[in-house]
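A.B. asks: Here's a structure for you.
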Amino acid sequence: MTSALAGLVSHYGLLAVFLTMTGESCGLPLPSEVVVPFAGVLAANGNLNFVAVVLVATFANLCGSLLAYAIVARWGRDILLGPGRWLGIRRHHVEIADRWFARWGLLAVFIGRLLPVVRTYISFPAGLARVPVGRFLLLTFAGALPWNLALAWIGYTLRQHYEQVARLIQDGGYVIAVVVAVIVVVWWARGRRESASEPG
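Each residue of the sequence shown is one higher than the one before, starting from 112 at the first, in my numbering.
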């Protein structure tokens, strides 16, 4: 996938950055850890503008996140528990999302945008929790901008080692995602035990 995405960005430039990053924020497996660093490489070589890469990627994240948020906010559980079952989504996943936002609120949006892999799907629980749209977009922007800036800078400064760097970022992202998932599940399980122990 790395070479295919790099080829798209190399051929179509900022348009490819926009479309792939919009898709990523809609939940498609199009990793920014591959696209944005390579766009940074092209900026270092003079083929793209560095600032434009960061801004276009961030704007695309906003567009994709808003679309994912709107779909889930409108059809919510029907989407996730119906067609979403083909993606492995189950009722307990929805319950975890509910408890996550009940506990952390808007902070969950910002933190989620800074976590590799997790950032791709954070709009879904935000839509389920019906986080206020204006604040959702603000926190999405606040998380997406430094993320894209960091990725583009890595590609810009380490362009000769792009493939190795992209692989390391992706692998690290999967590890972080697993750790976060474990933490959320443990917290959710503890919450269930506490609720069960409360007098009815």
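All C-beta atoms, glycine included, are put in the ideal place defined by N, C-alpha and C. Values in this document were obtained by computation on a predicted structure and should not be read as measured data.
1. Rounded to whole angstroms, what is the Cα-Cα separation between Tyr267 and Gly193?
2. In whole angstroms, what separates the C-alpha of Phe252 from that of Ala163?
3. Given that a residue counts as buried once 16 or more other Cβ atoms are within 10 Å of its Cβ, and exposed if not, what is Leu153?
4. Going by alpha carbons, who is nearest to Ser176 out of Ser114, Leu116, Val229?
5. If you count every other CB in all the chains shown that lies within 10 Å of the CB of Pro243, and 16 or more means buried, which is it?
6. Do you know whose CA, among Arg224, Val183, Pro148, lies nearest Leu116's CA?
7. Go through its chain and collect everything with a Cβ distance to Leu260's Cβ below 7 Å, but skip five positions before and after it.
8. Any heavy atom of the ligand NAD closer than 7 Å to the beta-carbon of Val120?
9. Do you know whose CA, among Ile265, Trp264, Pro257, Leu269, lies nearest Asn172's CA?
10. Pop quiz: Glu135 and Leu141 are said to be a contact at Cβ under 8 Å. What is the actual Cβ separation, rounded to whole angstroms?
11. In three-state terms, what does DSSP make of Pro140?
12. So Arg224 is in the alpha helix (DSSP H); what residue range does that whole segment cover?
13. In this structure, how does DSSP classify Gly118 when only helix, strand and coil are distinguished?
14. Buried or exposed: Ala181, going by 16 or more other Cβ atoms within 10 Å of its Cβ?
15. In this structure, does DSSP put Ile265 in helix, strand or coil?
16. For the candidate residues Gly216, Asn156, Leu250, whose alpha-carbon lies nearest to that of Thr169?
C.D. replies: According to the structure data:
1. As a working note, residue 267 is residue 156 in the sequence shown. As a working note, residue 193 is residue 82 in the sequence shown. Those two C-alpha atoms are separated by around 42 Å.
2. Residue numbering aside, residue 252 sits at position 141 when the sequence shown is read from its first letter. Residue numbering aside, residue 163 sits at position 52 when the sequence shown is read from its first letter. Rounded to the nearest angstrom, the two C-alpha atoms are 15 Å apart.
3. Here the question's residue 153 lines up with position 42 in the sequence shown. Buried: at least 16 other Cβ atoms inside 10 Å.
4. In the sequence shown, residue 176 corresponds to position 65, counting from 1. Of the listed residues, the one whose Cα sits closest to Ser176 is Val229.
5. On the sequence shown, position 132 is the one that residue 243 refers to. It counts as exposed.
6. Numbered from its first residue, the sequence shown carries residue 116 at position 5. The shortest C-alpha separation from Leu116 is found at Pro148.
7. Indexing the sequence shown from 1 puts residue 260 at position 149. So the qualifying residues of the chain are Val165.
8. Of the ligands one can find in the structure shown there are none, so the ligand NAD has no counterpart to examine.
9. Numbered from its first residue, the sequence shown carries residue 172 at position 61. Considering only alpha carbons, the answer is Pro257.
10. Reading the sequence shown from its first residue, position 24 is the one you call residue 135. Reading the sequence shown from its first residue, position 30 is the one you call residue 141. Between Leu141 and Glu135 the Cβ distance is about 4 Å, and since that is below 8 Å, they are a contact.
11. Counted from its first residue, the sequence shown places residue 140 at position 29. Correct three-state label for Pro140: coil.
12. Counting from 1 along the sequence shown, the entry for residue 224 is found at position 113. That run of the alpha helix (DSSP H) goes 218–224.
13. Your numbering for residue 118 matches position 7 in the sequence shown. Looking at Gly118 - three-state DSSP - the assignment turns out to be helix.
14. What you label residue 181 is simply residue 70 of the sequence shown in a count that begins at 1. Exposed.
15. Along the sequence shown, read from residue 1 onward, the residue named residue 265 stands at position 154. Helix at Ile265.
16. Here residue 169 is taken as the residue at index 58 of the sequence shown, counted from 1. Measuring from the Cα of Thr169, the nearest candidate turns out to be Leu250.
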